[in-house]
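To start, the structure under review is shown below, and the notes come after it.
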Amino acid sequence: MIRFIIRRLLQAIPLLLVISLLTFAIIEIAPGDAAQMYIDPEKGTDPAYIEQIRQNLGLDQPVHVRYLSWLGQTLSGDWGFSFRSRRAVTLEVGDRLPNTLLLGGTALALSFVLAVPIGALSALKRYTFIDYTVTTLSLVGISIPIFWVALLFVQIFAIQLDWFPASGMRSVRQQYEGWQSVMDVLHHMILPTTVLALAQIASWSRYQRSALLDVLGQDYIRTARGKGMRERRVIVLHALRNALIPMITIVGISVPGVVTGAFLTETIFSWPGIGRLGVEAVSGRDYPVIMAVTMLSALLIIISSLLADITYAWADPRIRYEQR
């Protein structure tokens, strides 16, 4: 297992390099000039003034020099400074990352807790009204774009019913402390977390249904039933437990969807996470922040995939990565 982890980490190095190259290339060929975004209106559009801005931002150097400079600084732990705020990128990301992890982690946990019993119920009630209802709702949940669901939730639950706040992470008009502050954050989390979780619940419940149906057709399940074991014991101790193993992989490969959804959800709900930071950086051509958010998102996806493989091997002793 140790050799497998080391091998996977080594394989991630060229992958991250390719991602950084592609991101840098896309930024370079994108139309427009970042220096134009930071012109002082009072100083006009004098070419010498614009060139001075380019020099201050380091945009006057050749692209390969800028990339190698960025790579060297990143490897040394220096992600540069934001064009917009002039703060260190590490501070910008450090302020936002915990909020994204809180939102995404809660959405993943909620998705797993709800998708497993829903999918299991659909499998156990196969070809019944419950099964057809769950299958139909799952297809609807998978098909509807996440931004449309977010806007719909804002319109219904925040504007019309006024049950939840439409944006932000904390109340602006009133400051809370202690447990009241925690409850205030949780109150603001409900809508964005639910929106992020719905798409995962829809897809995961279908995977759980298929996995449980596959396990129920195995010989050891028929043997357990033939020995007179109670149906509840067969389902809980044998069928459901083994059907959960494939879900570990599903959770791991679903992290990119959560990261992508966070960009849209955080923007719509004004949640102060790295998703919203990335959108703001793209709109403001804040190249250092764009690179940092992209690389951090890629790193989170790689780590989650590795953790999923490790957990899968731990849950299923038949898996031996050392032999691969």
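For what it's worth, our numbering labels the leading residue of the sequence shown as -17, then goes sequentially. Heads up, the beta-carbon is just placed ideally off N, CA and C, and yes, glycines get one too. Computed from a predicted model, the values in this text were never measured in an experiment.
Near residue i, what residues of its chain come up, given a Cβ to Cβ distance below 8 Å and the 5 sequence neighbours on each side ignored?
i      : result
Val116 : Ile100, Gly101, Leu103, Ser104, Ser187, Arg191
Pro238 : Ile283
Val154 : none
Gly14  : Arg267
Thr5   : Ile272, Met273, Thr276, Met277
Arg152 : Tyr158, Ser163, Asp166, Val167, His170
Ile230 : Ala290, Thr293, Tyr294, Ala297
Arg306 : With a pLDDT of 46 at Arg306, under the threshold of 50, the predicted position of this residue should be treated as unreliable, and no value is reported.
Ile203 : Val197, Val216, His220, Ala221
Just verifying my parser: in three-state terms, what is the DSSP assignment at residue i?
i      : result
Ala70  : strand
Phe139 : helix
Phe63  : strand
Arg306 : Bear in mind that a pLDDT of 46 at Arg306, under 50, signals an unreliable position, so the model cannot answer this.
Leu282 : helix
Ser252 : coil
Asp322 : No answer is possible for residue 322: it lies beyond the span of the chain, which begins at -17 and ends at 306.
Gln156 : coil
Met211 : coil
Trp145 : coil
Ile366 : The structure shown does not extend to residue 366, since the chain spans only -17 to 306, so no value can be given for it.
Arg258 : helix
Met151 : coil
Arg267 : coil
Gly101 : helix
Arg108 : coil
Asp42  : coil
Asp291 : helix
Gly243 : helix
Gly14  : coil
Can you give me the Cβ contacts of residue i inside the same chain, cut-off strictly under 6 Å, excluding the 5 residues immediately before and after it?
i       : result
Ile1    : Ala280
Leu(-9) : none
Ser287  : Gly234
Ala(-6) : Ile284
Leu79   : Ile256
Ser252  : Ser149, Gly150
Among the options, which residue has its Cα nearest to the Cα of residue i?
i      : options                          : result
Arg108 : Leu198, Phe65, Pro174            : Leu198
Ile346 : Leu173, Ser265, Thr118           : Any property of residue 346 remains undetermined from this structure, which presents the chain solely from -17 to 306.
Ile21  : Ile11, Pro13, Glu33, Ala7        : Glu33
Asn224 : Gly234, Ile112, Asp196, Gly208   : Asp196
Thr175 : Gln162, Phe(-14), Ala148         : Ala148
Val275 : Val47, Gly62, His46, Ser58       : Gly62
Phe65  : Leu50, Ile35, Thr88, Thr82       : Ile35
Thr293 : Ala179, Ile227, Ser236, Glu248   : Ile227
Val95  : Ala70, Leu143, Ile183, Thr242    : Ile183
Leu3   : Leu53, Ile(-12), Arg(-11), Gly86 : Leu53
Ser236 : Glu248, Ser93, Phe111, Gln200    : Ser93
Ile124 : Met211, Gly210, Val177           : Val177
Residues in the same chain with beta-carbon distance under 7 Å from residue i, minus the five sequence neighbours each way, listed in chain order, please.
i      : result
Phe146 : Phe139, Ala140, His169, Ile172, Leu173
Pro44  : none
Leu222 : Ala102, Leu194
Leu41  : Ala16, Ala17
Leu39  : Ala16, Ala17, Phe65
Thr72  : Trp61
Tyr49  : Phe6
Ile232 : Trp186, Tyr189
Ala206 : Val216, His220
Which word fits residue i, buried or exposed, when buried means at least 16 other C-beta atoms lie within 10 angstroms of its C-beta?
i        : result
Asp166   : buried
Trp130   : exposed
Glu213   : exposed
Ile250   : buried
Ala181   : buried
Leu(-1)  : exposed
Leu(-3)  : exposed
Gly255   : buried
Pro29    : exposed
Ala91    : exposed
Pro270   : buried
Ala120   : The question names Ala, but residue 120 in the sequence shown is Ser. With 16 or more other Cβ atoms within 10 Å, it is buried.
Trp161   : exposed
Ile(-12) : exposed
Over what stretch of residues does the alpha helix (DSSP H) that includes residue i continue unbroken?
i       : result
Ile(-5) : -16 to 11
Ser187  : 161 to 198
Val218  : Val218 -> no alpha helix (DSSP H), and no H or E assigned at all.
Ala30   : 29 to 39
Arg48   : 45 to 57
Ile124  : 111 to 125
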